[in-house]
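Scroll down for the structure; my scribbles are underneath it.
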Amino acid sequence: MDGIHVYDMVIVGGGPGGYTAALYAARAGLDTLVLEKLSAGGQMALTHQIDNYPGFEDGVDGFSLGENMQRQAERFGARNEYAEVTRLDLAASPKALETSEGIFYGKTVVLAPGAVPRELGVAEEAELTGRGVAYCAACDGMFYKGLTVAVVGGGNSAAADALLLSRIAKKVILVHRRDTLRATKIYHQPLLDKENVEFRWNSTVTELLHGGKLTGVRLKNVLTGEESTLDCDGVFISIGRKPVTGLVKSQLELDPGGYIIADETTRTSIPGVYAVGDVRAKPLRQVVTAVADGAVAVHMAEEYLAGGA
Numbered sequence: 001m002d003g004i005h006v007y008d009m010v011i012v013g014g015g016p017g018g019y020t021a022a023l024y025a026a027r028a029g030l031d032t033l034v035l036e037k038l039s040a041g042g043q044m045a046l047t048h049q050i051d052n053y054p055g056f057e058d059g060v061d062g063f064s065l066g067e068n069m070q071r072q073a074e075r076f077g078a079r080n081e082y083a084e085v086t087r088l089d090l091a092a093s094p095k096a097l098e099t100s101e102g103i104f105y106g107k108t109v110v111l112a113p114g115a116v117p118r119e120l121g122v123a124e125e126a127e128l129t130g131r132g133v134a135y136c137a138a139c140d141g142m143f144y145k146g147l148t149v150a151v152v153g154g155g156n157s158a159a160a161d162a163l164l165l166s167r168i169a170k171k172v173i174l175v176h177r178r179d180t181l182r183a184t185k186i187y188h189q190p191l192l193d194k195e196n197v198e199f200r201w202n203s204t205v206t207e208l209l210h211g212g213k214l215t216g217v218r219l220k221n222v223l224t225g226e227e228s229t230l231d232c233d234g235v236f237i238s239i240g241r242k243p244v245t246g247l248v249k250s251q252l253e254l255d256p257g258g259y260i261i262a263d264e265t266t267r268t269s270i271p272g273v274y275a276v277g278d279v280r281a282k283p284l285r286q287v288v289t290a291v292a293d294g295a296v297a298v299h300m301a302e303e304y305l306a307g308g309a
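Going by our numbering, the first residue of the sequence shown is number 1, and it counts up by one from there.
Listed below in structure tokens is the structure:
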């Protein structure tokens, strides 16, 4: 394609998986571009404290870690473009990526768009977002200092959010549809020990109560059907994430949850296209596994560019 710049690798998403791929690719001498629509780190940048990423004995905040990863990749020549990808043609040669900043071309593509918070799915949820409904305790917790908040969910994210909010809010009510947390055991006792944390077991949120801003939620007991009202100033929804795969669902094989099917090689159903991080079907989604994916993707891409599979 005369006159058109074709990168060796274009990476969609600047989270830990994306920037690790950029680092490994740039260090290997590949002409590398990262397309990121917001800021370095992706969802990781919204995490106030990361304690389970090796090498940081006192933990590290996700925003700083993301920026460090970006600078490290750029040090070896990776280019960064803040742009939103609007269309992909992954079967083309070279592969084409239409964005808000123009069309980019790559011999290989690494998909690292991550996953976003899953909505509760109740009426007026979108309208009340920012007016009592939130999805990130680390981002919005301080707005509820000294107030009463509910956290919906029972996994690790919900437990971590409840713990964080317990240090800020006057009271935290954890609402879960089961009778015990799904979160790992490390969260259980600290939550039980918090005097300002209460639990509403076997309950779901059926309605958001408001008068311009949130004033409470309506709960339904899943065992008895009994309904009750819970007064609160804010509700943090932490019921999992959904993969950002809308642009590729007609091109790549996805699992029933919408995640891209790619094994430990990170190879997808289209040669030269790799899926890393939270968007890939995998048993554990953590910063450390996303980083590992990024390194593996570059290894496989090098083999592909050299004429392999």
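Where a beta carbon is used, it is the ideal one built from N, C-alpha and C, also for glycine.
Does the Cβ of residue i have 16 or more other Cβ atoms within 10 Å, making it buried, or fewer, making it exposed?
i: residue 86; result: exposed
i: residue 288; result: exposed
i: residue 41; result: buried
i: residue 91; result: exposed
i: residue 94; result: buried
i: residue 32; result: buried
i: residue 176; result: buried
i: residue 189; result: exposed
i: residue 126; result: exposed
i: residue 30; result: buried
i: residue 267; result: buried
i: residue 174; result: buried
i: residue 306; result: exposed
i: residue 284; result: exposed
i: residue 234; result: buried
i: residue 13; result: buried
State the Cα-Cα distance for the pair residue i and residue j, rounded to the nearest angstrom.
i: residue 124; j: residue 115; result: 23 Å
i: residue 243; j: residue 64; result: 24 Å
i: residue 205; j: residue 79; result: 45 Å
i: residue 255; j: residue 146; result: 43 Å
i: residue 216; j: residue 48; result: 26 Å
i: residue 270; j: residue 70; result: 27 Å
i: residue 223; j: residue 203; result: 8 Å
i: residue 251; j: residue 300; result: 20 Å
i: residue 239; j: residue 21; result: 29 Å
i: residue 56; j: residue 50; result: 9 Å
i: residue 187; j: residue 52; result: 14 Å
i: residue 3; j: residue 43; result: 36 Å
i: residue 178; j: residue 66; result: 35 Å
i: residue 96; j: residue 253; result: 19 Å
i: residue 221; j: residue 241; result: 24 Å
To the nearest whole angstrom, what separates the beta carbons of residue i and residue j, a pair I think is in contact under 8 Å?
i: residue 172; j: residue 152; result: At roughly 12 Å, the Cβ-Cβ gap does not stay under 8 Å, so residue 172 and residue 152 are not in contact.
i: residue 38; j: residue 11; result: About 15 Å separates the two Cβ atoms, so there is no contact after all.
i: residue 62; j: residue 45; result: 5 Å
i: residue 26; j: residue 302; result: With a Cβ gap of about 12 Å, residue 26 and residue 302 do not count as contacting.
i: residue 128; j: residue 214; result: 6 Å
i: residue 236; j: residue 149; result: 6 Å
i: residue 248; j: residue 24; result: Their Cβ separation, rounded to whole angstroms, is 22 Å, which puts residue 248 and residue 24 out of contact at 8 Å.
i: residue 133; j: residue 272; result: Wrong, their Cβ atoms sit about 41 Å apart, outside the cutoff.
i: residue 168; j: residue 144; result: 6 Å
i: residue 7; j: residue 106; result: 5 Å
i: residue 100; j: residue 84; result: 5 Å
Is residue i near the ligand MN - that is, is its Cβ less than 7 Å away from at least one heavy atom of it?
i: residue 226; result: Here there are no bound small molecules, and the ligand MN is not part of this structure.
Measuring only between beta-carbons, confirm whether residue i sits less than 8 Å from chain D.
i: residue 299; result: This model lacks chain D altogether; it includes just one protein chain.
Segments of 4+ residues assigned as alpha helix (DSSP H) that fall wholly inside the segment 26-81: 62-75
Q. Are the segment 194-209 and the segment 223-233 in contact at 8 Å, needing three or more beta carbon pairs?
A. yes
Whole beta strand (DSSP E) runs in the segment 215-288 with 3 or more residues, listed along the chain? 227-231, 234-237, 241-243 and 273-275
Problem - Runs of alpha helix (DSSP H) wholly within the segment 113-147 (minimum 4 residues, chain order) - result: 125-128 and 137-140
Check whether the segment 129-142 touches the segment 190-199, counting contact only when three or more Cβ pairs, one atom from each stretch, lie closer than 8 Å.
no
Under 8 Å, with one C-beta from each stretch per pair, do the segment 101-118 and the segment 8-22 reach the 3-pair mark? yes
Closer than 8 Å is the cut-off here; do at least three beta carbon pairs connect the segment 274-282 with the segment 245-264?
yes
Original post:
Are the segment 154-164 and the segment 182-191 touching, with three or more C-beta to C-beta distances below 8 Å?
Top reply: yes
**Message:** Quick test of the definition: if touching needs 3 or more C-beta pairs under 8 Å, does the segment 266-276 touch the segment 288-298?
**Reply:** yes
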